[in-house]
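Structure first, commentary second.
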Amino acid sequence: MPATQTRAEPSLEEPRNAEPAGGKPISAADLLTWYDRHRRALPWRARPGEAADPYRVWLSEIMLQQTTVMAVKPYFERFLTRFPTVEALAAAPSEEVMNAWAGLGYYSRARNLHACAKAVVAEHGGRFPDTEDGLRALPGIGAYTAGAIAAIAFDRVAAAVDGNVERVMTRLHAIAEPMPKAKAAVREATLALVPPDRPGDFAQALMDLGATICTPKRPACALCPWMSLCAARRAGEAELYPVKAPKKTRETRRGAAFVVERADGAILLRTRAPEGLLGGMAEPPGSAWSVDWVPSQAILDAPLDARWKRLDGVVRHVFTHFTLEASVLHARVAAGTAAPDGMRFTPREAISQEPLPSVMKKILAHALGEALFAPTPAGAGRGRASKEPGDGEAPAPVRKRRGRAA
DNA sequence: CACGCGTGGGT
DNA sequence: TACCCAAGCGT
1 MPATQTRAEP SLEEPRNAEP AGGKPISAAD LLTWYDRHRR ALPWRARPGE
51 AADPYRVWLS EIMLQQTTVM AVKPYFERFL TRFPTVEALA AAPSEEVMNA
101 WAGLGYYSRA RNLHACAKAV VAEHGGRFPD TEDGLRALPG IGAYTAGAIA
151 AIAFDRVAAA VDGNVERVMT RLHAIAEPMP KAKAAVREAT LALVPPDRPG
201 DFAQALMDLG ATICTPKRPA CALCPWMSLC AARRAGEAEL YPVKAPKKTR
251 ETRRGAAFVV ERADGAILLR TRAPEGLLGG MAEPPGSAWS VDWVPSQAIL
301 DAPLDARWKR LDGVVRHVFT HFTLEASVLH ARVAAGTAAP DGMRFTPREA
351 ISQEPLPSVM KKILAHALGE ALFAPTPAGA GRGRASKEPG DGEAPAPVRK
401 RRGRAA
């Protein structure tokens, strides 16, 4: 039995919605006062007093799904430049949208983003619906995002419950029920606090509080406008919320990637199936990835006959639910070589136009060198592959890079 | 409802 | 290094 990290359980049995002994009720006003002083300036945010732009709010909310502010910023700016309006986005070819999204992850968001833009233009005259229900009906917009856009862009009374808000509210009320079962209670508690005069500011204030004060670890309770009202804080247990179910262990899958370099410099690529992992994105051809795949079987999946050379090490990449260790094989082929069915040779200068996800950039960089890619917003191509001993049937744990003699 | 779905920074 | 986690959604 591995020494699993047993998470301490909150000891508090205080009933939910209990108000502090002093009797002062939890009030949005305290939070809004704090927000007016400490709000973050973010590229997609209207300045105080200015009206929010629904297109910007929507675009940012989609990008921010499970994605950090730092990662989103450069993508957001670039999207606005390339697609200044929802009409421009709707009219763009999907490859261009996927290319602009490449590196940001969760690529179904990009597909849904494009579909949503088309729907807004075709069915709503280019205007986003201004109600939660109307927004919720659009692709890629779920409960959280509908609430967030309704509140932030249209000042509708709505609960925008994201991970930040879950953390703040479970602490505030010491909701010990584990997520996601506690979602209904969190939503109810949040909605009860929304001030009718400033729903948008309230939504953003809650998120700012969660992001800067009520953080997952070591929350800065001393700076919190709700400190004296927070049930978890009173018990000294803020950090124990929200309670979550234990996570599953992440398996390692292995497979081969084939980097074919034609004499003119072109690289062999293909497009992945539209749905599923990295759906619709570009990649060098490769084998399926599986837990029991071993390097010695790599050649079986080669896309064409060539003098394959297996490169040292593996490219290691962590996805949400598994880790990939890709063995990379490299071959040079003659100038006239034609691409196999369903594949294409992309000229070296056009590589940057391809919608290559980060893992595929890592694989290409492993075979071709880091200099292949111009700097991208996310700094893709940064990671160096780990090194691993050769074709062991039961590969030893991957070792971090061994120094290469210069 | 549980699962599939990326990536990079923080600790 | 090995986790954790971030403004979730669709099925």
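In UniProt numbering, the protein residues as written are 1 to 406. For every residue, glycine included, the Cβ atom is placed at its ideal position computed from N, Cα and C. Since we're looking at a predicted model, the values are computed, not measured.
Where Leu135 is concerned, the enclosing alpha helix (DSSP H) starts and stops at 132 to 136. In terms of CA proximity to Ala184, Glu166 leads the group Ala115, Ala52, Lys362, Glu166. In the structure shown, Gly286 adopts extended strand secondary structure according to DSSP, grouped into three states. Arg47 and Asp162 have their C-alpha atoms spaced approximately 22 Å apart. Cβ-Cβ distances below 8 Å link Arg127 to Pro54, Val120 in the same chain, with the five nearest sequence neighbours on each side left out; the list follows chain order. Here His321 is exposed. Its C-beta has fewer than 16 other C-beta atoms within 10 Å.
With 16 or more neighbouring CB atoms inside 10 Å of its own CB, Leu80 falls in the buried class. As far as DSSP is concerned, Lys362 takes part in no beta bridge. Counting along the chain, Phe322 sits inside the beta strand (DSSP E) bounded by residues 322 to 333. When DSSP states are grouped into helix, strand and coil, Val186 belongs to the helix group. Our two residues, Val359 and Met281, have alpha carbons roughly 11 Å apart in a direct line. By the CB criterion at 8 Å, Leu304 and Ala367 fall outside the cutoff. In the DSSP annotation of this structure, the continuous segment of the beta strand (DSSP E) that includes Phe345 starts and ends at 343 to 346.
Thr81: member of the alpha helix (DSSP H) spanning 69 to 82, first to last residue.
Taking the C-beta atoms as reference points, Ala151 is found nearer than 8 Å to Gly200. A straight line joining the alpha-carbon of Ala203 with that of Ala160 spans about 6 Å.
By the Cβ criterion, the stretch 267 to 277 is not in contact with the stretch 248 to 256, since fewer than three pairs of Cβ atoms, one from each stretch, lie closer than 8 Å. Within the stretch 169 to 221, the runs of alpha helix (DSSP H) that reach at least 4 residues and sit entirely inside it are, in chain order, 183 to 191, 199 to 212.
With a cutoff of 8 Å on beta-carbon distance, Ala110 and Val97 are scored as near each other. A direct Cα-Cα distance of roughly 7 Å separates Leu113 from Pro139. Distance from Ala153 to Leu104 at the Cβ level is roughly 22 Å; contact not present, criterion being Cβ atoms closer than 8 Å. Per the C-alpha coordinates, the member of Thr337, Ala238, Met343 positioned closest to Gly286 is Met343. Counting only residues of its own chain and dropping the five nearest sequence neighbours on each side, Pro219 has a CB closer than 7 Å to the CB of Ile213, Ala238, Glu239. Secondary structure at Gly163: helix, using DSSP grouped into helix, strand and coil.
In the three-state scheme derived from DSSP, where H, G and I count as helix and E and B as strand, Glu261 is classed as strand. Nearest C-alpha to Glu123 among Val194, Glu177, Phe319, Val86: Val86. Counting along the chain, the unbroken alpha helix (DSSP H) around Ile152 starts and ends at 143 to 154. Assignment of Ile299 by DSSP, reduced to helix, strand and coil, places it in the helix class. For Ile62, the enclosing alpha helix (DSSP H) starts and ends at 54 to 63.
Secondary structure of Thr249 (DSSP, three-state): coil. Taking the Cα positions, Val186 is about 24 Å away from Arg40. For Leu31, no beta strand (DSSP E) segment is defined; the enclosing uninterrupted segment is the alpha helix (DSSP H) at 28 to 38. By the criterion of a C-beta distance shorter than 8 Å, Val333 is surrounded in its chain by Val260, Glu261, Arg262, Ala263, Leu304, Ala306, once the five residues flanking it on both sides are discounted.
Comparing alpha carbon positions, the residue from Leu64, Arg198, Ala182 closest to Ala158 is Arg198.
For Leu113, the enclosing alpha helix (DSSP H) begins and ends at 108 to 124. Distances from the CA of Thr249 to each of Phe319, Pro295, Asp36, Gly125 were compared; the closest alpha carbon is that of Phe319.
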